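A.B. asks: Input: one structure, supplied below.
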């Protein structure tokens, strides 16, 4: 239609894809030059303002894909963005290193209760299942029942206490959907148990949750990020 | 079946092109309420089958085509009558002879009534400002076919313009 570069070339140039042909055109076309200049500024401002949300946006897309696969919905059927937003919000705060998660679950010697019982009195539980995490950092162990902070090389093992016989499954759910099984579904009698596997964090620890509960509730938590029926301890990467 | 992209690759694309893609969806849809849906569908498609973008010479052109199709799908499914936004993002585009803002606007309003192929041609001609040969090359038609079809689309767009009582000057401003 015109001798000017197509819009997608101007926009790409403004978004940072250098285009020598566009550069040349801009030197002789004030209107296009003004357009690219304003758009470049807007792109930069948006990147500064919204760039950190990119990981959340993409994690939300992953949730939608899994939901569609589970529901047998065609990939082409749109889902309202509000649902994505809800999922993104449910996923919590920004996770910059989500895509570089390396998490290894490995078996190892069980931690003794004596070693594990750091910072809290002896375990008391009644009625509800109690969950705690033992963090092993270069041989130094710490126990927490609220939130656990991890660095590269840390290992996490779960401790669970039940006061009656019940089926239990425990695992680590990364914010990017990664699932690492720590305790396969088992029927536990009343008592305190450690997971038979530990999660070890590689150089770029991901964040997520240690989840414990009945296998069906754990499955729901994994796929719907619905934590109402499970015990959860957030895992947060240390800066 | 095409290969998809990793989360990291999609995140990088979103960071680099998210703003202009959202803006593109707004230009085609002209319904802010559906823009997030279109953007989401665009990136879902990229996540699922976006491997070709790794070797694309013009990644944004490729992404715009994906976004355009997502918008066309939404136009077909939502079937809501679109109204010209008060702050029309189309007014931010450079105005050139033969591609005036009013004509662009009318062509985008026309999209509701077109089939997918004409929608593509309308977007390429009146939004991207591609010439007939470029459109013919991309769609695999002869240049003559595209000339005729663009001419028909232009006539229809001009009829829309003619029905308007007057042309209201629109505000120009920074890209949103």
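Protein chains in written order, with the numbering used here: chain L, 165 to 403; chain C, 3 to 178.
Beta carbons: idealized from backbone N, C-alpha and C, even for Gly.
Since this is a predicted model, take the numbers as computed values, not measurements.
1) Taking C-beta to C-beta, are residue 382/L and residue 335/L nearer than 8 Å?
2) When the Cβ atoms of the region 366 to 379 of chain L are set against those of the region 303 to 316 of chain L, are three or more pairs found closer than 8 Å?
3) For the region 182 to 201 of chain L, which residues have a beta carbon sitting closer than 7 Å to at least one beta carbon of chain C?
4) Of all the alpha helix (DSSP H) runs that stay within the bounds of the region 29 to 69 of chain C, which reach a length of 4 or more residues?
5) According to DSSP, simplified to helix, strand and coil, what is residue 333/L?
6) Sort 107/C, 99/C and 80/C by Cα distance to residue 192/C and report the nearest one.
7) Along the region 222 to 236 of chain L, where does the CB come closer than 9 Å to a CB of chain C? Name the residues.
8) Relative to the C-alpha of residue 339/L, which candidate in 333/L, 225/L and 171/L has its C-alpha closest?
9) Taking the alpha-carbon of residue 47/C as reference, which of 100/C, 151/C and 9/C has the nearest alpha-carbon?
10) Do you know offhand how far residue 325/L's Cα is from residue 235/L's?
11) Just to make sure I have the definition right: I need the residues of chain C whose C-beta is within less than 7 Å of the C-beta of residue 210/L. Which are they?
12) Going by DSSP in three states, residue 394/L sits in which element: helix, strand or coil?
13) Within 8 Å (strictly less), CB to CB, does residue 49/C reach chain L?
14) Taking Cβ-Cβ distances shorter than 7 Å, what residues in chain L pair up with residue 179/C?
15) Shorter than 8 Å from the beta carbon of residue 179/L to some beta carbon of chain C?
16) Which same chain residues, not among the five before or five after residue 204/L, have their C-beta less than 7 Å away from its C-beta?
17) Starting from residue 221/L, trace the beta strand (DSSP E) in both directions and tell me its first and last residue.
18) Residues bridged to residue 358/L by DSSP?
19) Return no unless some Cβ of chain L is closer than 8 Å to the Cβ of residue 60/C.
20) Check the Cβ-Cβ distances between residue 207/L and every residue of chain C, and say whether any is below 8 Å.
21) Using a Cβ-Cβ cutoff of 7 Å, what residues of the region 142 to 158 of chain C are near chain L? List them in chain order.
22) Within the continuous beta strand (DSSP E) that includes residue 300/L, where are the two ends?
23) Answer yes or no: do residue 23/C and residue 41/C have a C-beta to C-beta separation smaller than 8 Å?
24) To test your reading of the DSSP string, which unbroken alpha helix (DSSP H) runs of 4 or more residues are found completely within the region 85 to 166 of chain C?
25) Which residues in the same chain have their Cβ closer than 8 Å to the Cβ of residue 347/L, if we skip the five residues on either side of it in sequence?
26) Just reading off the beta strand (DSSP E) that residue 350/L is part of, what are its end residues?
27) Quick one, which of 219/L, 355/L and 294/L has its alpha-carbon nearest residue 371/L's?
28) So the alpha helix (DSSP H) residue 206/L belongs to, where does it begin and stop?
29) Please state if the CB of residue 395/L and the CB of residue 17/C are separated by a distance shorter than 8 Å.
30) In chain L, which residues lie less than 7 Å from residue 130/C when you measure between Cβ atoms?
31) In chain order, what residues of the same chain lie with their CB nearer than 8 Å to the CB of residue 183/L, ignoring the 5 residues before and after it?
32) Residue 397/L and residue 310/L: beta carbons closer than 8 Å?
33) What is the DSSP secondary structure of residue 185/L, reduced to helix, strand or coil?
34) Using a Cβ cut-off of 8 Å (strictly closer), state whether residue 328/L contacts chain C.
35) Report yes or no: is there a C-beta of chain L within less than 8 Å of the C-beta of residue 45/C?
36) Do residue 62/C and residue 181/L count as a contact pair if the criterion is CB distance below 8 Å?
C.D. replies: Reading from the atomic positions:
1) If you number the first chain from 1, residue 382/L lands on position 218. If you number the first chain from 1, residue 335/L lands on position 171. With a cutoff of 8 Å on beta-carbon distance, residue 382/L and residue 335/L are scored as near each other.
2) Output reads yes: the region 303 to 316 of chain L touches the region 366 to 379 of chain L.
3) Residues of the region 182 to 201 of chain L that bring their beta carbon within less than 7 Å of a beta carbon in chain C comprise 195, 196 and 199, in sequence order.
4) Every alpha helix (DSSP H) of 4 residues or more that sits fully in the region 29 to 69 of chain C is shown, in chain order, as 34 to 51.
5) For the purposes of this step, residue 333/L is identified with residue 169 of the first chain, where counting begins at 1. DSSP places residue 333/L in strand when its eight states are reduced to three.
6) Residue coverage of chain C in this structure runs from 3 to 178, which leaves residue 192/C outside it and unanswerable.
7) Cβ contacts with chain C: 222, 223, 224, 225, 226, 228, 229 and 232.
8) Start at 1 with the first residue of the first chain, and residue 339/L comes out as number 175. Considering only alpha carbons, the answer is 225/L.
9) Your numbering for residue 47/C matches position 45 in the second chain. If we check each option's Cα against that of residue 47/C, 9/C comes out closest.
10) What you label residue 325/L is simply residue 161 of the first chain in a count that begins at 1. What you label residue 235/L is simply residue 71 of the first chain in a count that begins at 1. If I take the Cα positions, the gap works out to 34 Å.
11) For the purposes of this step, residue 210/L is taken as residue 46 along the first chain, with counting starting at 1. Correct list: 21.
12) Position 230 of the first chain, counted from the start, is the residue given in the question as residue 394/L. Looking at residue 394/L - three-state DSSP - the assignment turns out to be coil, as it is neither helix nor strand.
13) Here the question's residue 49/C lines up with position 47 in the second chain. Closer than 8 Å to some Cβ of chain L, the Cβ of residue 49/C qualifies, so yes.
14) Absent from the model: residue 179/C. The displayed extent of chain C is 3 to 178, so no value can be given.
15) As a first step, residue 179/L is located in the first chain; it is residue number 15 there, counting from the start. The C-beta of residue 179/L comes closer than 8 Å to at least one C-beta of chain C.
16) As a first step, residue 204/L is located in the first chain; it is residue number 40 there, counting from the start. Apart from sequence neighbours up to five positions away, the residues of its chain that approach residue 204/L with a beta-carbon distance below 7 Å are 178, ordered along the chain.
17) Taking the first chain and counting its residues from 1, one reaches residue 221/L at position 57. Following the DSSP letters along the chain, one finds residue 221/L in no beta strand (DSSP E) but inside the alpha helix (DSSP H) bounded by residues 218 to 235.
18) If you number the first chain from 1, residue 358/L lands on position 194. Beta-bridge pairing links residue 358/L to 323/L.
19) In the second chain, residue 60/C corresponds to position 58, counting from 1. True, the Cβ-Cβ gap to chain L drops below 8 Å.
20) Taking the first residue of the first chain as 1, we reach residue 207/L at position 43. By this cut-off, residue 207/L is an interface position.
21) Listed by position, the residues of the region 142 to 158 of chain C near chain L (Cβ gap below 7 Å) amount to none.
22) Here residue 300/L corresponds to residue number 136 of the first chain, with the count starting at 1. In the DSSP assignment, residue 300/L falls within the unbroken beta strand (DSSP E) covering 294 to 301.
23) As a first step, residue 23/C is located in the second chain; it is residue number 21 there, counting from the start. As a first step, residue 41/C is located in the second chain; it is residue number 39 there, counting from the start. It is a contact, given that the beta carbons lie within the stated cut-off.
24) Runs found: 103 to 112, 118 to 124, 134 to 141 and 145 to 165.
25) For the purposes of this step, residue 347/L is taken as residue 183 along the first chain, with counting starting at 1. The residues are 322, 324, 332, 333, 334, 335, 357, 359, 360, 361 and 376.
26) In the first chain, residue 350/L corresponds to position 186, counting from 1. Unbroken beta strand (DSSP E) run through residue 350/L: 343 to 352.
27) In the first chain, the residue the question calls residue 371/L occupies position 207. It is 219/L.
28) As a first step, residue 206/L is located in the first chain; it is residue number 42 there, counting from the start. Its alpha helix (DSSP H) spans residues 194 to 214.
29) Translated into positions along the second chain, residue 17/C becomes position 15. Translated into positions along the first chain, residue 395/L becomes position 231. For the pair residue 17/C and residue 395/L, the CB atoms are not nearer than the 8 Å cut-off.
30) The count along the second chain starts at 1 and reaches residue 130/C at position 128. 170, 171 and 172, listed in chain order.
31) Position 19 of the first chain holds residue 183/L. Once the five neighbours on either side are set aside, the close Cβ partners of residue 183/L are 169, 173, 176 and 177.
32) Numbered from 1 along the first chain, position 233 holds the residue referred to as residue 397/L. Numbered from 1 along the first chain, position 146 holds the residue referred to as residue 310/L. Contact: yes.
33) The sequence position of residue 185/L within the first chain is 21, counting from 1. Helix at residue 185/L.
34) The residue given as residue 328/L occupies position 164 in the first chain. By this cut-off, residue 328/L is not an interface position.
35) What you label residue 45/C is simply residue 43 of the second chain in a count that begins at 1. Under the Cβ criterion of 8 Å, residue 45/C is counted among the residues facing chain L.
36) Within the first chain, numbered from 1, the residue matching residue 181/L stands at position 17. Within the second chain, numbered from 1, the residue matching residue 62/C stands at position 60. Taking 8 Å as the Cβ cut-off, residue 181/L and residue 62/C qualify as a contacting pair.
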